[in-house]
Ligand SMILES: [Zn+2]
Ligand SMILES: [Zn+2]
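Numbering (our numbering), first residue to last: -11 to 326.
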């Protein structure tokens, strides 16, 4: 959304008149200016526009409305605004907490073996040719079979020859145009790694792409953005990092969930930490299960907490385990899936 220079000038004038609101004439000026500001078509353009996100524009307009209300009915308006804000924030944080501690939905199935996709990123591969996410077991079995036959590796889903890295990047760009979150996420990782000459390391570009992928529902992208903010030494950025880790955890990312649990544990909030670990263990988080065991031995979790978590972890493991996946994981750590 764009905001004109006129709007910004008016915003400042409204703030100025709000400071001097005892003056009766000023109140009239405020009304006229606010009307002009809130109805852009009525004003006179000054030929300059700023590209601002729609949220910022809405914020400026809210400030104008609050300024107007405060200057006209100071006491009543301030009480009403405070009450409204308090209600809004408490409702929002309550909803967020409820959402954060809900068990996230299970991952989708591998399109070849129809078993649920494993919890770890290394347990699956994105195929740029068809846009499918295939489990490590199917990838491994397919490539071993193809190599034995003729040396040519075909995509286990659409049977097209596996593209070389350059072609694969081109395909990802095409898929990016079709708003494929996995392709956008992958391109972000490409800029983060910076291994290719044509794509030198550019972390800001990576974060920009991850944001785009996250908006389209990619939880791993939320995790990466969170990790980027945690990686800085700025305190307020760490808060941002936690915000993004929470979004990743809500979407079912067990690494983000584990990290949140560790942070709560360090802060002495063992109850919250335990809740995070239990959710992660149910989705296959082995690190989180170990943490629950530790909490139990330290007296911060009950025997029932641990045995229930262990049971649900084993149930999940049974659902995702297969001999094909085990073979892949045994061959290389690149295929580790739980
Ligand atoms: Zn599979
Ligand atoms: Zn394919």
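In this text, a Cβ means the ideal position worked out from N, Cα and C, and glycines have one as well.
According to the DSSP assignment, residue 303 belongs to the alpha helix (DSSP H) that extends over 291 to 308. Residue pairing by DSSP leaves residue 143 without any beta bridge partner. Ranking 294, 51 and 315 by CA distance to the CA of residue 278 puts 294 first. With contacts defined by Cβ atoms closer than 9 Å, residue 108 and residue 284 do not form a contacting pair.
As a beta-bridge residue in DSSP terms, residue 184 pairs with 187. In the displayed model, residue 168 falls within coil according to three-state DSSP, outside both helix and strand. Nearest to residue 252 by alpha-carbon distance, out of 276, 54, 272 and 198, is 276. Apart from sequence neighbours up to five positions away, the residues of its chain that approach residue 110 with a beta-carbon distance below 8 Å are 124, 321, 322, 323, 324 and 325, ordered along the chain. Nearest to residue 91 by alpha-carbon distance, out of 224, 317, 272 and 68, is 272.
Short of 7 Å from the beta carbon of residue 195, and not among the five residues preceding or following it, lie these beta carbons of its own chain, in chain order: 213 and 216.
If you ignore the 5 residues before and after residue 112, its C-beta comes within less than 7 Å of the C-beta of 105, 106, 121, 122, 123 and 124, all in its own chain and listed in chain order. By the CB criterion at 9 Å, residue 93 and residue 249 fall outside the cutoff. Residue 115 sits buried, since 16 or more C-beta atoms from the chains shown fall within 10 Å of its C-beta. Relative to ligand 2, residue 115 has its C-beta within less than 8 Å of a heavy atom.
Residue 100 has its CB nearer than 8 Å to a heavy atom of ligand 1.
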